[in-house]
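*Asks:*
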Amino acid sequence: MTRCECSTTGSVSQRNRPASMTVNTPPLIGVLMCQSNQQGQLILTVENLYLAPLYHAGAVAIPLPHHLADDPLYLAAALKSLSGIFLPGSPCNIEPHHYGEEAQETSNDPGRDKLALMLVRHALNTGLPLLGSCRGVHEMAVATGGKLWRQLHNVEGLREHEVNPSGSPEEKFAPVHGLEITPGGWLDSWVTPGETVRVNTLHQQGIREVGPGVFIEARADDGLIEAISIPEHPFAFGVQWHPEWGALHDEPLSKQMFDAFVAACRVWQADHQALTPLA
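First residue of the sequence shown: 1, per the UniProt record's numbering; consecutive thereafter.
1) One question on the structure: do G30 and A78 come within less than 8 Å of each other, judged by their Cβ atoms?
2) Per DSSP, which residues does T45 bridge with? Please list them.
3) Under the assumption that N200 contacts F173 (Cβ atoms under 8 Å), give the Cβ distance between them as a whole number of angstroms.
4) Hey, I228 and V120 are a contact pair by Cβ (cut 8 Å); roughly how many whole angstroms apart?
5) Three or more C-beta pairs closer than 8 Å, one from the stretch 260-275 and one from the stretch 55-72: is that the case here?
6) Tell me the DSSP secondary structure of P53 in three-state form.
7) Using three-state DSSP, classify E102 as helix, strand or coil.
8) Would a C-beta distance cut-off of 8 Å place L32 and L87 closer than the cut-off?
9) What's the C-alpha gap between G132 and H122?
10) Label H272 either buried or exposed according to how many other C-beta atoms from any shown protein chain fall within 10 Å of its C-beta, with 16 as the threshold for buried.
11) Taking the beta carbon of K80 as the centre, do at least 16 other beta carbons fall within 10 Å, making it buried, or is it exposed?
12) Could you pull the start and end residues of the alpha helix (DSSP H) that E244 belongs to?
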C-alpha cells in the first residue's frame, strides 16, 4: 500500500505503508445515490455497476441517502462506521451556482450536490479515502474550488465526449480516446512506462480549471482534464471516465484503481476503527 505526498514541485510521490496496517474485516465504503422522479414518486438509486467493483476489491458498499446532509448527528453516525467514500457517475449535473455561475441545470439533483460536497470536504479535512468517477470527479473539483465546462461540445478545441450513451454496455464503455498521463502521480505509478492508455467517455461536462492544491493526473488528447488527485491526502483520486466496467472485466488499470482505493480504506479502518465481527 502506498501513500501520496506533495513534493516541493507539486507533483505526487509514493512511499510504502507499514505492513502491519491490514485487517480481515471488509471496510465499509459509502456510495452516493441519485434522486429521480418515477411516476410521481421520488426515489434514490445507485446502479449495481457502481457497487460491484467495491465488492470485488474486498469492500462492502453502503448506499448513502441524501437526508444525511440535513442532520449533522445522523451524518456523523454514518461517517463513524465508514472507511471510505465513493462518488460514482450520475445522469444529472452539479448546479452551476456551486462553482460561481448563474445558469440553470435542467437535469439536476440538489440533494446529491449538498451531500457530495459535504462528504468531499469532510474527507479532505480528515484523510478519509475518497474515489470519484465521472460526476464524482466534478464534485471533487468543485468542492476544492474548481470550475466546470457545462457543454463540452460547445467549447472550441474540445471533442464530443459523450459517445454511445444509448449503446450496449460493451459499446458505451469501449475505449475512445487516449490519455496524456502526468509524471509522478497515482496513474503514472499504475501504468507501465510507455504504455498507451485509452478510456471510455460518456460525459457532457468536464473540469475547466482546478482549485489550489489539486494535482492534474491526466488529460485527454484534446487537453481536457481527465483525472485529478489531492497530493497532501492519503488517497483522494478522481477520474472523468468510468473505470467500473473495466474493473469487472479484468482491465488492469481499472482493477488497480479500485484495489488501491480499497487498500487505502483498509488502512483507514485499521487506524480509526475497532470493528467486531458478527458471532
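Glycine residues also receive a C-beta, built at the ideal position from the N, C-alpha and C atoms.
*Replies:* In short:
1) Residue 30 sits at position 30 when you count from the first residue of the sequence shown. Residue 78 sits at position 78 when you count from the first residue of the sequence shown. Yes. Within cutoff.
2) For the purposes of this step, residue 45 is taken as residue 45 along the sequence shown, with counting starting at 1. Note: T45 sits in a beta bridge opposite C34.
3) Here residue 200 corresponds to residue number 200 of the sequence shown, with the count starting at 1. Here residue 173 corresponds to residue number 173 of the sequence shown, with the count starting at 1. Yes, N200 and F173 are in contact; Cβ-Cβ is about 5 Å, under 8 Å.
4) What you label residue 228 is simply residue 228 of the sequence shown in a count that begins at 1. What you label residue 120 is simply residue 120 of the sequence shown in a count that begins at 1. Going by Cβ atoms, the distance from I228 to V120 rounds to 12 Å, so no, they are not a contact pair.
5) yes
6) On the sequence shown, position 53 is the one that residue 53 refers to. Residue state, collapsed to three classes: helix.
7) Here the question's residue 102 lines up with position 102 in the sequence shown. E102 falls in the coil class under three-state DSSP.
8) In the sequence shown, residue 32 corresponds to position 32, counting from 1. In the sequence shown, residue 87 corresponds to position 87, counting from 1. Closer than 8 Å, so yes.
9) Here residue 132 is taken as the residue at index 132 of the sequence shown, counted from 1. Here residue 122 is taken as the residue at index 122 of the sequence shown, counted from 1. Going by the C-alpha atoms only, they are around 14 Å apart.
10) Residue mapping note: residue 272 aligns to position 272 of the sequence shown, counting from 1. With fewer than 16 other Cβ atoms within 10 Å, it is exposed.
11) Position 80 of the sequence shown holds residue 80. Flag for K80 reads exposed.
12) Within the sequence shown, the letter at position 244 stands for residue 244. Start and end: E244 to L248.
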